[in-house]
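Colleague:
Protein chains in written order, with my numbering: chain A, 1 to 115; chain B, 1001 to 1112.
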């Protein structure tokens, strides 16, 4: 069984400041890792994913995440946030055998950008 | 990419009734999924729906409570049967792309 922990339920950040949203996972098998974003009143959309290769993954809107196998983490970062980054962010993991099926999600982190 | 629409976007229902949620995809897809997001909790997979076969339910979910139809490659329905207040959630439909899942906007259900 897999699980995902997002320790921070809410993160307030001043505009143009850096941000890190934390994600840790547990799994007995090799995994794929995802970050999804949900803007107000919209569906979830993929921000970035780690499938294999370089552990530093770049996504849309200037976000990046680093896969750390030894620490079982996949933290999301952005060097300078904008008001439009206000959203709910979900970390998710899937078993490599199932690819992008059977996603296990964290509880989400609500990022609020303060002008 | 795929664009998914859901109907209704929200509803308020009485205990003991049933609600059917519709999910429409703008392209043909093999695999569709239904998730539930209870207040303050993460998304939980209810079932996988493939066209032409019975849906596969995850542990804790049963067909009698959440019957699913998948009549073609662009459409699926989820029924929440004999509802109780514990069924109040956001229900999300998704479909599998090459290496990601595409999400619908969700149906916000409140059961009184």
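Note that the Cβ used here is the ideal one computed from N, Cα and C, for glycine as well.
Compare the C-beta of residue 1087 of chain B against all C-beta atoms of chain A and say whether one is closer than 8 Å.
Modeller: Answer no: the Cβ-Cβ gap between residue 1087 of chain B and chain A never drops below 8 Å.
Colleague: Are there any heavy atoms of the ligand SAM lying less than 7 Å away from the beta-carbon of residue 72 of chain A, as far as the coordinates show?
Modeller: The model on display carries no ligand, and the ligand SAM is accordingly not part of it.
Colleague: Is the shortest distance between the beta-carbon of residue 71 of chain A and the beta-carbons of chain B less than 8 Å?
Modeller: No - not a single Cβ of chain B is within 8 Å of the one on residue 71 of chain A.
Colleague: Measuring straight from C-alpha to C-alpha, what distance separates residue 48 of chain A and residue 104 of chain A?
Modeller: The alpha-carbon atoms of residue 48 of chain A and residue 104 of chain A are separated by roughly 16 Å.
Colleague: Could you list which residues in chain B have their beta carbon closer than 7 Å to that of residue 51 of chain A, in chain order?
Modeller: The contacting residues are 1099.
Colleague: Within the same chain, show all residues whose beta-carbon is closer than 7 Å to that of residue 14 of chain A, passing over the 5 residues directly before and after it, in chain order.
Modeller: Closer than 7 Å at Cβ, skipping near neighbours: 114.
Colleague: Measuring CA to CA, which of A:71, A:45, A:82 is closest to residue 89 of chain A?
Modeller: It is A:45.
Colleague: Scan the segment 1031 to 1053 of chain B for residues whose Cβ lies nearer than 9 Å to a Cβ of chain A and list them as they occur along the chain.
Modeller: Under the 9 Å Cβ criterion, the segment 1031 to 1053 of chain B contributes 1031, 1033, 1035, 1037, 1040, 1041, 1042, 1043, 1044, 1045, 1048.
Colleague: Does residue 88 of chain A get closer than 8 Å to chain B when you measure Cβ to Cβ?
Modeller: Residue 88 of chain A does not count as touching chain B.
Colleague: So which residues on chain B does residue 102 of chain A lean against when the C-beta distance must stay under 9 Å?
Modeller: By Cβ distance, chain B contributes 1033, 1045, 1048, 1058.
Colleague: Going by DSSP, name the residue or residues bridged to residue 75 of chain A.
Modeller: BP columns for residue 75 of chain A point to A:66.
Colleague: State the Cα-Cα distance for the pair residue 94 of chain A and residue 1073 of chain B, rounded to the nearest angstrom.
Modeller: Rounded to whole angstroms, residue 94 of chain A to residue 1073 of chain B spans 24 Å at the Cα level.
Colleague: Beta carbon of residue 52 of chain A, beta carbon of residue 26 of chain A: below 8 Å?
Modeller: Their beta carbons are not under 8 Å apart, which means residue 52 of chain A does not touch residue 26 of chain A by this criterion.
Colleague: So, at 7 Å on beta carbons, what are the nonlocal neighbours of residue 72 of chain A in its own chain, with the 5 sequence-adjacent residues on each side left out?
Modeller: Correct list, in chain order: 24, 25, 26.
Colleague: If we call anything under 8 Å between Cβ atoms a contact, is residue 19 of chain A one with residue 77 of chain A?
Modeller: It is a contact, given that the beta carbons lie within the stated cut-off.
Colleague: Taking Cβ-Cβ distances shorter than 7 Å, what residues in chain B pair up with residue 131 of chain A?
Modeller: Since the first residue of chain A shown is 1 and the last is 115, residue 131 of chain A is not available in this structure.
Colleague: Would you list the residues sitting across from residue 1065 of chain B in a DSSP beta bridge?
Modeller: Paired residue(s): none; residue 1065 of chain B is not in a bridge.
Colleague: Against residue 42 of chain A, what residues of chain B qualify as contacts under a CB-to-CB distance less than 8 Å, listed in chain order?
Modeller: Near residue 42 of chain A (Cβ distances below 8 Å), the residues of chain B are 1105.
Colleague: Would you call the CB atoms of residue 1098 of chain B and residue 1029 of chain B closer than 8 Å?
Modeller: Result no, Cβ atoms of residue 1098 of chain B and residue 1029 of chain B do not sit closer than 8 Å.
Colleague: Measure the C-alpha to C-alpha separation of residue 38 of chain A and residue 1107 of chain B and round it to an integer number of angstroms.
Modeller: When rounded, the distance between both Cα atoms is 14 Å.
Colleague: For residue 1056 of chain B, which residues in the same chain have their Cβ closer than 7 Å to its Cβ, ignoring the five residues on either side in sequence?
Modeller: Excluding sequence neighbours, residue 1056 of chain B sits near 1047, 1048.
Colleague: Could you check whether residue 1112 of chain B and residue 1012 of chain B sit closer than 8 Å to each other, using their CB atoms as the reference points?
Modeller: Yes, they are a contact pair.
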